[in-house]
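Heads up, the sequence shown is in the numbering used here, so the first residue is 1 and it goes up one at a time.
Ideal Cβ positions, reconstructed from N, Cα and C, are used throughout, including at glycine.
In this text the structure is predicted, and so the values were computed from the model without any measurement.
Notes to accompany the following structure.
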Amino acid sequence: MTTSTAAPPPPPAARAATPPEPPSAGRRRQRKGSMRRREAITGLLFVSPWILGFLVFTLGAMVYSLVISFSRYQLATDTARPAGLANYEALITDPKIAIALGNTLYYAVLAVPLEIALALGLALLLNSVRRGAGFFRTVFYLPKMTPTVATASVFLLLLNGSTGAINRGLAAIGIDGPDWLLDPAWVKPSIVLMTVWGVAGTMVIFLAALQNVPKELHEAASIDGAGAWRRFWHVTLPLISPAVLFNVLVLTIAAFQIFDQAFLLFHRTTGTGSSDASLFYAIYLFEQAFRQFNFGFAAAMAWLLFVIILVISIIQMRVGNRFVYYEGGDR
């Protein structure tokens with residue numbers, strides 16, 4: 001009987017020896033690293049004025065306002081006494097807070113869709129212009145360049161109930177115009193009219209988005225028999241949906257911070273208009289801070305507004321991202 005002996009396993013394959021790195025490659029890598037550091041330092045130096053301004057005037061002011069929102073701070077006496085949650089409890093008990101929030105929400109619901117529709121319509125109109133496009137874009141953008149004080153002065157004349165140009169135009173066609181500046185039911189629509197006058201900034205964003213829509217898609221849809229409305233609904237609107245969401249977010253934030261138009265039309269002088277109908281949240285915050293000098297309560301109001309805008313923005317982002325088309329495919 002013969003016994004077989006197992007053959008020894010073959011020796012492991014010898015690994016290929018890695019050639020040593022030449023000194024020139026190491027020096028190039030060091031130069032690239034130092035160049036990146038210099039570029040980073042240079043970039044930080046260029047943006048350092050903005051960073052310093054943000055830390056001092058934005059973040060620092062926010063932190064300070066949060067601190068004084070828990071205190072009774074009167075500017076006249078320059079004293080701050082701890083108040084705990086008293087200012088936030090006053091937000092619940094003050095009836096004017098509910099009125100101001102209601103007016104602001106009513107204005108936002110009325111103004112934002114109208115601004116979006118008007119800006120998109122103007123952008124579509126300007127996008128279709130071939131001759132004199134630059135001239136028409138400049139003309140449509142001029143109202144945005146007009147100072148708000150000048151615009152308010154014009155609208156005070158236009159919206160005058162007895163001698164205003166708008167009511168005179170309505171009377172010419174047999175319509176009895178409302179008392180825009182005195183009737184509480186027409187106070188907020190009058191402010192919306194003044195707001196949409198400066199809709200050119202939103203229009204420019206829509207125009208830029210429309211010019212990035214590939215013409216080949218419109219041509220293909222037209223060959224397939226799609227009309228103008230179907231091409232807009234199924235081609236144009238999905239491709240500009242990121243711009244729509246951005247404008248909705250920005251306009252909503254601006255609507256909840258409405259101040260200039262309402263202040264110039266109704267609160268610049270006492271006794272003008274209906275105080276409750278034109279009492280927006282930012283107006284009431286201004287009155288508490290700079291007329292009543294109740295900075296603690298005003299700071300609490302500011303933080304409540306911050307939370308409201310934050311919640312609404314998150315909801316809009318969550319809902320809007322379901323309908324927004326991104327070219328990369330990610331939502």
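Tell whether a beta-carbon distance below 9 Å holds between A282 and A299.
-> no
Residues that DSSP places opposite R291 in a beta bridge = Paired residue(s): none; R291 is not in a bridge.
Counting along the chain, where does the beta strand (DSSP E) carrying S128 start and finish?
-> Where S128 is concerned, there is no enclosing beta strand (DSSP E), given that its DSSP letter is neither H nor E.
Buried or exposed (CB count within 10 angstroms, at least 16 for buried), L52 = exposed
Alpha carbon of F293 to alpha carbon of Q74, nearest angstrom | 6 Å
Beta-carbon proximity list for L207, same chain, < 7 Å, skipping 5 on both sides | A123, L126, N127
For I97, the nearest candidate out of Q316, G320, A243, L285 (CA to CA) = L285
Quick one, are the C-beta atoms of A185 and G177 less than 9 Å apart?
-> no
Counterpart residues of T79 in DSSP-defined beta bridges | Q74
Run through DSSP, which three-state label would V199 get?
-> coil
What is the C-beta distance between W303 and S69, in whole angstroms, given that I count them as a contact (C-beta under 8 Å)?
-> 6 Å
Just how far apart, CA to CA, sit R322 and L217?
-> 22 Å
What's the C-alpha gap between V112 and A86?
-> 34 Å
Exposed or buried, what is A165 when buried is set at 16 or more other beta-carbons lying within 10 Å of its beta-carbon?
-> exposed
Spatially closest choice to S155 from A83, S190, I175, by CA coordinates = It should be noted that the sequence gives Phe, not Ser, for residue 155. Cα-wise, what sits closest to F155 is S190.
Would W180 be called buried (16 or more neighbouring beta carbons within 10 Å of its own) or exposed?
-> buried
Residue closest to Y326, alpha-carbon to alpha-carbon, out of D94, Q288, S241 = S241
Backbone secondary structure at L310 - three-state DSSP | helix
Nearest-angstrom Cα separation, counted from P147 out to T93 = 38 Å
Does DSSP put P147 in a helix, a strand or coil?
-> coil
W186 by DSSP, collapsed to three states: which one?
-> helix
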